[in-house]
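**Student:**
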Amino acid sequence: MSGMKQKIGLVVGVGLILVWCLLPVVWIVSLSFKDAVAVTNGSPGFFPADGAFAGLDNYRDAWGNDQFRRAIVNSLGISLISTTLSVILATLAAYAIARLEFRGKKLVLTTALAIAMFPVVSLVSPLFDMWRAIGLYDTWPGLIIPYMSFTLPLAIWTLSAFFREIPWEMEQAAQVDGATSWQAFRKVIVPLAAPGVFTAAILTFFFAWNDFVFGITLTSTEAARPIPASLSFFVGADPFNRPASLLAAGAVIATIPIVIIVLIFQRKIVAGLTSGAVKG
Amino acid sequence: MKNIVKKYGDGFPAVNDVSIDIADGEFVILVGPSGCGKSTLLRMIVGLEDITSGDMVIGEKRVNDLAPRDRNLAMVFQNYALYPHLSVYENIAFPLRLAGAKDEEVDAKVREASKTLELDEHLERKPANLSGGQRQRVAMGRAIVRDADAFLFDEPLSNLDAKLRGQMRSEIARLQKKLGITTVYVTHDQTEAMTLGDRVAVLKRGLLQQLASPRELYGNPCNLFVAGFIGSPPMNFLPAEVDGTTVTLPFGSVQISAEKAERVAGKGLLIAGIRPEAFEDASVVDSGREGSTFRATVEVVEWLGNEAYAYIPFEAPPEVQQQLQQLERDLDGESLRTQLVVGLDGSSRIAEGDEAEIWVDTSKMHLFDPSTGENLTIDHDHAGEVPARALEPTPG
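Line order of the protein sequences matches chains C and S. Position one of the first sequence corresponds to residue 7 (the numbering used here), numbered consecutively onward. Position one of the second sequence corresponds to residue 22 (the numbering used here), numbered consecutively onward.
1) How about residue 54/S: is its C-beta nearer than 8 Å to some C-beta of chain C?
2) Along the beta strand (DSSP E) that carries residue 42/S, what are the first and last residues, could you check?
3) Here's a check: name, in chain order, each residue in its chain whose Cβ is nearer than 7 Å to the Cβ of residue 26/C, leaving out the five neighbours to either side.
4) Express the C-alpha separation of residue 115/S and residue 122/S in angstroms, rounding to a whole number.
5) Does residue 35/S come within less than 8 Å of chain C when only Cβ atoms are used?
6) List the DSSP bridge partners of residue 295/S.
7) Considering only the beta carbon of each residue, do residue 152/C and residue 133/C sit closer than 8 Å?
8) Go ahead and pull the three-state DSSP assignment for residue 323/S.
9) So which residues on chain C does residue 115/S lean against when the C-beta distance must stay under 7 Å?
10) Can the beta-carbon of residue 101/S be found closer than 8 Å to that of residue 160/S?
11) Taking all protein chains shown into account, do 16 or more other C-beta atoms lie within 10 angstroms of the C-beta of residue 215/C, making it buried, or fewer, making it exposed?
12) For residue 403/S, which residues from the same chain have a beta carbon less than 6 Å from its beta carbon, with the 5 sequence-adjacent residues on both sides left out?
13) Answer with yes or no whether the minimum CB distance from residue 215/S to chain C is below 8 Å.
14) Give the residues of chain S in contact with residue 189/C, contact being defined as C-beta atoms less than 7 Å apart.
15) Closest Cβ-Cβ distance between residue 346/C and chain S: below 8 Å?
16) Select from 229/C, 41/C, 270/C, 273/C the residue whose C-alpha is nearest the C-alpha of residue 142/C.
17) Would you report the Cα separation of residue 390/S and residue 292/S, rounded to the nearest angstrom?
18) What in chain S is Cβ-close to residue 178/C, meaning under 9 Å?
19) Please return the same chain residues whose Cβ sits closer than 8 Å to the Cβ of residue 258/C, not counting the five positions on each side in sequence.
20) When you compare each of 370/S, 349/S, 365/S to residue 359/S by their alpha carbons, which one comes out closest?
21) Would you verify that the beta carbon of residue 132/S is, or is not, closer than 8 Å to some beta carbon of chain C?
22) Using only CA atoms, which one of 399/S, 379/S, 206/S, 339/S lies nearest to residue 53/S?
23) For the alpha helix (DSSP H) containing residue 301/S, name the first residue and the last one.
24) Look at residue 69/S and residue 183/C and say whether their C-beta atoms are less than 8 Å apart.
25) Where in the segment 182 to 265 of chain S do unbroken runs of the beta strand (DSSP E), each at least 3 residues long, occur, reported from the N-terminal end onward?
26) Does residue 169/S come out as helix, strand or coil in the three-state DSSP assignment?
27) State whether the segment 89 to 98 of chain S contacts the segment 252 to 272 of chain S, with contact taken as three or more CB pairs (one from each stretch) at a distance under 8 Å.
28) Residues of the segment 161 to 175 of chain C in Cβ contact with chain S at a cutoff of 8 Å, in chain order, please.
29) Identify which residue in 284/S, 362/S, 45/S has its Cα closest to the Cα of residue 395/S.
Right, dumping it as structure tokens:
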């Protein structure tokens, strides 16, 4: 009965991994439903103790906080803009790298990789100085630019791998069929590289959404402060008593856009979309 | 319709000084072993490959510098190059949509093409879910919806299995006849070349060897290469010495006509080319037919029902052997041992190991110059076009 054994093993394994990955998330959700006093007094149970259940109060309070709402808007805006720009730029760059022979192609690729490996922290102080000098400090572009420069390399590498997989003949067929180079690119190549484009988009969005270091260093007010930085400033009504349950509710709200985006994009990332283009 | 003179080179000339004039509505095949430049030539016609020198003319217009989309040609790729993200319908409609055609017009044309190709029930499917033959038909559909000046096929059948290949071959021939569109077809398969083409251009290492109808190529090959490439099983090549009208072959002497004898006089050692079907079992030949007979020991007999092939080994002198080995390399073959393949009638009773009496129709014998490979007994009136360069001695 090795088949049965294998099945049991699989279920146990998957269960362990799920617990390992999801326990913190579940715990945050649990925290977010307890009331603030109960959390401060210590409330070790997973489910709230009698009378400590706060219902949706924490969520209502978090959402009612103006600072928090502004941060959400900032985060959404900055992340979406940097994702869009980064993916568009990366698509064009990756296409050039995959298809054209030009001098310095190797250099572009290695530089891109080097940038991706650069520690974020080491760039933060110079950026802080520069941004203050040119007036980008505490603005959306001030965050969009570093996000893009850190996500572009990865996006370019991912996408150029996808473009290389697409047979040359596809474009040539399109050109013979009467397409200009641009039409061939837009109508044939980009749809075929869609899984790559969405992969790159997800990675970029994650980076921008989850970033804390840039977010906290390069902003000072609600004008541009993104959600991870904002949560750390989230003190609630009583500055001496950090509202853990309120923070938990905020954190849960902050993960919702990520979940939605992943669900949308994941459907687009269908591997093997090119199958059937050419024989074998 | 075309008058092409072109040279191509990146140091190595992949296509060297090839001129082909293709008439309107003609079906021309480019054939040759791999690496002979036939695909490159086709890609130059369609504009995917730059032309180094020479002129490509389509219908009075020089198109050397035109982009592929401005040449109004339709091409079927070897691997079909269908757009996997589009349905069959949209694949076929793609060229029309690019041209900005109206929806009704697109619909009418796509339906018509799909009817011609019997793709009606597959129109909404994606290429990934189609079989090889269906994909092939979609690729052809994409070509025929446009009113292209010419069709170009790049080895369209090489990815199909043998049975389907036969079907699609006749399909393509039927379609071409029906639409009457000029067609250039690239293949390495000499059967396709012989069955499909109005005229066949045989290429070797970028050089045009001979441009002629299949019948002319078969009956009057201009050199050893064409002779060996066209025909299956291939032509036999034997060392031959001519003395007057007597030709001495490894198996004995045969007589040739005085006219042929005159053309080869004084050339010393030659290579005789005789197709397997020019031989016959002497016992089944009508005694009235002209020809010579000789006796030889048969090593192997392959009986196929309607016919049989007998294999007779022979020894060739080194100079001939060398030329034949070179030829085998040119033809992508392995250097086989020298043996004679004799086509026999199915009723022949010759068995393995027999010493048989074989009849040969000497009027179908060709004599080639061993150093240049040139056919000395060619009938130029029935050999199509033979460019002078094809007759230069082959290097190496």
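From the three backbone atoms N, C-alpha and C, an ideal C-beta is built for every residue, glycine too. On a predicted model such as this, the values are computed, not experimentally measured, just so you know.
**Tutor:** So, from the listed chains and residues:
1) Here residue 54/S refers to the residue found at position 33 when the second sequence is read from its first residue. Not one chain C Cβ lies under 8 Å of residue 54/S.
2) Here residue 42/S refers to the residue found at position 21 when the second sequence is read from its first residue. Where residue 42/S is concerned, the enclosing beta strand (DSSP E) stretches over 39 to 43.
3) Working through the first sequence from its first residue, we reach residue 26/C at position 20. Within the same chain, residue 26/C has no close Cβ partners at all.
4) Along the second sequence, one-based indexing puts residue 122/S at 101. Along the second sequence, one-based indexing puts residue 115/S at 94. Answer to the nearest angstrom: the Cα atoms are 10 Å apart.
5) Taking the second sequence and counting its residues from 1, one reaches residue 35/S at position 14. No, no contact with chain C.
6) Residue mapping note: residue 295/S aligns to position 274 of the second sequence, counting from 1. According to DSSP, residue 295/S bridges with 257/S.
7) What you label residue 152/C is simply residue 146 of the first sequence in a count that begins at 1. What you label residue 133/C is simply residue 127 of the first sequence in a count that begins at 1. In this structure, residue 133/C lies closer than 8 Å to residue 152/C by Cβ.
8) For the purposes of this step, residue 323/S is taken as residue 302 along the second sequence, with counting starting at 1. Strand, per DSSP.
9) Position 94 of the second sequence holds residue 115/S. Within 7 Å Cβ-Cβ: 183.
10) Here the question's residue 101/S lines up with position 80 in the second sequence. Here the question's residue 160/S lines up with position 139 in the second sequence. In this structure, residue 160/S lies closer than 8 Å to residue 101/S by Cβ.
11) As a working mapping, residue 215/C is identified with position 209 in the first sequence. Buried, since its Cβ has 16 or more Cβ neighbours within 10 Å.
12) Here residue 403/S refers to the residue found at position 382 of the second sequence. 237, 241.
13) The sequence position of residue 215/S within the second sequence is 194, counting from 1. Cβ-Cβ to chain C under 8 Å: no for residue 215/S.
14) As a first step, residue 189/C must be located in the first sequence, where it is residue number 183. Here the neighbours are 119.
15) The shown model of chain C, from 7 to 286, leaves out residue 346/C, and the question about it has no answer.
16) Stepping through the first sequence from its first residue, residue 142/C is reached at position 136. Among 229/C, 41/C, 270/C, 273/C, the Cα nearest to that of residue 142/C belongs to 229/C.
17) Position 369 of the second sequence holds residue 390/S. Position 271 of the second sequence holds residue 292/S. Between residue 390/S and residue 292/S, the C-alpha separation is close to 6 Å.
18) Sequence index remark: in the first sequence, residue 178/C carries index 172 (1-based). Going along chain S in sequence order, the residues near residue 178/C (Cβ under 9 Å) are 64, 67, 69, 89, 96, 98, 102.
19) Looking up residue 258/C in the first sequence gives position 252. Cβ within range, chain order: 34, 35, 38, 65.
20) Working through the second sequence from its first residue, we reach residue 359/S at position 338. It is 349/S whose Cα lies nearest to the Cα of residue 359/S.
21) Translated into the one-based positions of the second sequence, residue 132/S becomes position 111. Chain C, which has no Cβ nearer than 8 Å to the Cβ of residue 132/S, makes this no.
22) As a first step, residue 53/S must be located in the second sequence, where it is residue number 32. Checked all of 399/S, 379/S, 206/S, 339/S; the closest Cα to residue 53/S is 206/S.
23) Position 280 of the second sequence, counting from 1, holds the residue named residue 301/S. Counting along the chain, residue 301/S falls outside any alpha helix (DSSP H), though it belongs to the beta strand (DSSP E) covering 300 to 302.
24) As a position in the second sequence, residue 69/S is number 48, starting the count at 1. As a position in the first sequence, residue 183/C is number 177, starting the count at 1. No; because the gap between Cβ atoms is not below 8 Å, this pair is not in contact.
25) 203 to 208, 220 to 225, 228 to 233, 257 to 264
26) As a working mapping, residue 169/S is identified with position 148 in the second sequence. Of the three classes helix, strand and coil, the one that applies to residue 169/S here is coil, per DSSP.
27) no
28) 173, 175
29) Residue mapping note: residue 395/S aligns to position 374 of the second sequence, counting from 1. When each option's Cα is compared against that of residue 395/S, the closest is 284/S.
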